[in-house]
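Taking UniProt numbering as reference, the numbering of the sequence shown is continuous, increasing by one, and the terminal residue is 242.
In this text, a Cβ means the ideal position worked out from N, Cα and C, and glycines have one as well.
These numbers were taken from a predicted model, which means no experiment stands behind them.
Here the structure is laid out as structure tokens; the discussion comes afterwards.
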Amino acid sequence: MRFEFQPIGLCRSPYTDKFGIPRQPRLVTAAEARIELLAPYDREEAFAGLEGFSHVWLLFVFHQDCLEAGWRAQVRPPRLGGRDKVGVFASRSPYRPNPIGISAVAQHGLERQGKGQGKGLALRIAGADLLDGTPILDIKPYVPYADAIADAEGGFANTPPQARFQVGFSEDAQRQLAEQDADGRLRLRALIEEVIAQDPRPGYMDRYPERRVFVLQLYALEIHWWIDGERALVTRVHPVQP
Ligand code: SAM
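This is the structure in structure tokens:
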């Protein structure tokens with residue numbers, strides 16, 4: 001059996017690079033994104049009734065690297081420090097036989113950029129864990145009575161990951177932040193804080209040289225930071241060099 005699916009839309013998110021993307025949805029709530037719908041799905045009528053639902057399920061393709069890389073029967077989840085192995089079907093790894101992801105995210109309604117049918121219809125969402133440009137296969141309402149299971153067991157991921165660092169900004173970084181997000185529309189400060197607080201460093205590396213500088217990319221900006229004990233210090237926020 002073979003199946004062929006076309007995306008119904010593309011996710012536009014702040015995450016323009018894989019490093020720093022949270023490992024599950026809603027861990028970084030300041031991440032505002034949208035699903036830009038592709039024809040013929042860019043029709044308001046296809047979303048009639050969705051306004052009553054606060055959250056939606058996104059089904060999407062892990063399109064970057066995962067299709068070419070293929071899958072392995074066992075993976076090392078970051079949640080287990082990137083050392084211990086579990087079966088791929090006991091994990092949420094992007095490297096799976098069919099590299100399809102699922103994320104439940106908040107939805108904030110439709111917006112239209114241009115005028116008329118077929119002109120830039122998008123669904124606004126928040127808290128996604130999707131790379132910018134991710135192809136979306138489907139959108140479904142999150143139905144609490146069916147989807148939220150109060151007594152479910154979460155295996156090796158039974159509790160939510162805790163924020164690991166307090167995030168501070170150098171004076172230079174604060175000035176650059178103010179320049180890059182003058183009207184606060186990107187919620188850049190909160191976004192950087194939440195992303196770094198989660199500790200995006202790969203789990204399998206537990207030793208780093210002191211004051212090693214890490215570079216994250218959000219939107220078209222590079223964020224430089226390093227770790228100092230329980231704190232992370234952001235030292236630069238500047239446009240990605242072409
Ligand atoms: N919530 C989804 C799930 O459970 O199916 C995704 C979980 S997966 C562990 C999240 C990671 O997938 C992110 O941290 C990022 O590294 C990766 N990712 C997100 N979008 C991707 C894409 N379009 N292509 C490849 N990897 C992606």
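Relative to the C-alpha of Asp17, which residue among Arg72, Pro94, Gln64 and Phe47 is closest?
Ranking Arg72, Pro94, Gln64 and Phe47 by Cα distance to Asp17 puts Gln64 first.
Which one of Gly87, Phe53, His55 and Asp172 has the shortest CA to CA distance from Gly155?
Gly87
Where does Leu58 sit, in a helix, a strand or coil, going by DSSP?
The three-state reading of DSSP puts Leu58 in strand, counting E and B together.
Buried/exposed call for Thr159, threshold 16 Cβ in 10 Å
exposed
Residue range of the unbroken beta strand (DSSP E) whose run includes Gln166
Segment Gln166 to Phe169, the beta strand (DSSP E) holding Gln166.
Let me make sure I understand the geometry here. Which of Gln113, Arg23, Leu59 and Leu50 has the alpha-carbon closest to that of Gly82?
Arg23
On the CB-based measure, 16 or more other CB atoms within 10 Å of its CB, does Asp147 come out buried or exposed?
exposed
Of the residues Thr134, Pro94 and Phe5, which one's Cα is nearest the Cα of Ala33?
Thr134
I need the boundaries of the alpha helix (DSSP H) containing Arg189, first residue and last residue.
Leu188 to Ala197
Within the UniProt domain "TsaA-like" (5–151), note down every full alpha helix (DSSP H) run reaching 4 residues or more, in order along the chain.
Complete alpha helix (DSSP H) runs here, min 4: 66–69 and 144–147.
So, for Leu10: in the same chain, excluding its five sequence neighbours on each side, which residues have a beta-carbon less than 8 Å away from its beta-carbon?
Ile35, Glu36, Leu38, Gly133, Thr134, Pro135 and Ile136
Which same chain residues end up closer than 7 Å to Ala106 when comparing Cβ atoms and leaving out the 5 residues on each side of it in sequence?
For Ala106, where only same-chain residues beyond five positions count, the Cβ hits under 7 Å are Ser54, His55, Ile125, Ala126 and Gly127.
Extent of the continuous beta strand (DSSP E) to which Pro239 belongs:
First-last of the beta strand (DSSP E) with Pro239: Arg231 to Pro239.
Pull up the distance between the alpha-carbon of Glu44 and that of Leu177, whole angstroms please.
36 Å
Tell me the residue span of the beta strand (DSSP E) that contains Glu222.
Leu221 to Asp228
Could you compute how far the alpha carbon of Leu67 sits from the alpha carbon of Glu111?
31 Å
Using three-state DSSP, classify Phe3 as helix, strand or coil.
Look at Phe3 here: in three-state DSSP terms it is coil, with no helix or strand label.
Confirm the yes/no value for this check: CB of Asp65, any heavy atom of the ligand SAM, distance under 7 Å.
yes
Take Lys85 and list the residues in its own chain whose beta-carbon comes closer than 6 Å to its own, dropping the five residues that flank it on each side.
Gln74 and Arg76
How many Å lie between Glu193 and Gly168 at the Cα?
8 Å
According to the neighbour-count rule (16 or more other Cβ atoms, all chains shown, within 10 Å of its Cβ), is Gln113 buried or exposed?
exposed
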